[in-house]
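The structure appears below as structure tokens.
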């Protein structure tokens with residue numbers, strides 16, 4: 001992970017230097033990145049609209065793309081592993097353990113590199129800014145979103161679901177080792193409060209309108225009213 005960050009950081013430093021003036025002078029445009037997923041058998045396609053600075057954002061994506069292509073090349077990967085093994089040979093008594101770590105984690109490192117997308121990386125370092133999310137599919141998108149929210153609220157009100165969530169949190173506390181008991185105390189003390197706050201948040205905020213799952217303002221207002229009525233009826 002540190003090696004990956006190191007390689008990409010070098011490229012990002014170059015981008016920042018070349019694009020420092022362009023950040024203020026270049027005009028912005030928009031690009032759309034499609035993301036698809038399924039929920040209850042329904043295929044949903046989300047278009048994430050990203051505001052681009054013509055020079056800074058484009059340079060970022062271009063150079064990160066080149067960096068990733070370089071790191072994904074088989075010869076490059078072999079050279080990196082060879083360099084790390086050479087470094088291990090200087091550790092004397094720890095050489096064998098070092099080489100074992102290199103062999104174990106090198107493949108995982110390169111697999112992680114394969115999952116990185118230039119667009120996502122540049123968004124995370126704020127060189128391409130996320131503006132909004134809009135869902136483009138059938139008219140059922142808004143209805144489906146509100147159905148999901150009703151299910152979420154219903155689940156949060158279910159004592160069995162609340163118990164399952166608390167139980168999962170307690171199991172996670174066991175991974176904290178020396179702080180396990182303190183972690184469990186916090187879960188018992190604040191868990192129910194957090195669940196109640198989450199339930200209240202979803203009841204008082206039309207999340208579907210916020211993420212633009214509904215179309216026009218008129219449609220959103222109608223769906224929001226229907227959502228509120230259904231929620232109150234189920235309460």
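Numbering (UniProt numbering), first residue to last: 1 to 235. Glycine included, each C-beta is placed from N, C-alpha and C at the ideal position.
Start-to-end residues for the alpha helix (DSSP H) that takes in residue i
i	result
residue 180	180-204
residue 75	74-88
residue 171	159-173
residue 177	Here residue 177 belongs to no alpha helix (DSSP H), and DSSP marks it neither H nor E.
residue 117	Unbroken run through residue 117: none, as it is neither H nor E.
CB contact flag (residue i, residue j, <8 Å)
i	j	result
residue 170	residue 157	no
residue 77	residue 110	yes
residue 152	residue 173	no
residue 118	residue 56	no
residue 116	residue 193	no
Whole-angstrom C-beta distance between residue j and residue i, which should lie under 8 Å
i	j	result
residue 99	residue 88	5 Å
residue 165	residue 195	7 Å
residue 114	residue 72	6 Å
residue 61	residue 122	5 Å
Residues near residue i by beta carbon distance below 8 Å, same chain, minus five either side
i	result
residue 85	99 and 102
residue 95	88 and 89
residue 199	153, 156 and 157
residue 202	149, 152, 153 and 156
residue 104	none
residue 120	none
Cβ-heavy atom distance, residue i to the ligand FAD, below 7 Å
i	result
residue 148	You won't find the ligand FAD in this model; it holds no ligand whatsoever.
Own chain partners of residue i with C-beta closer than 7 Å, once the 5 adjacent residues on each side are dropped
i	result
residue 191	166 and 169
Cβ shell of residue i (< 6 Å), same chain only, five flanking positions each side left out
i	result
residue 70	76
residue 180	173 and 174
residue 262	The structure shown does not extend to residue 262, since the chain is modelled only from 1 through 235, so no value can be given for it.
residue 81	106
residue 176	183
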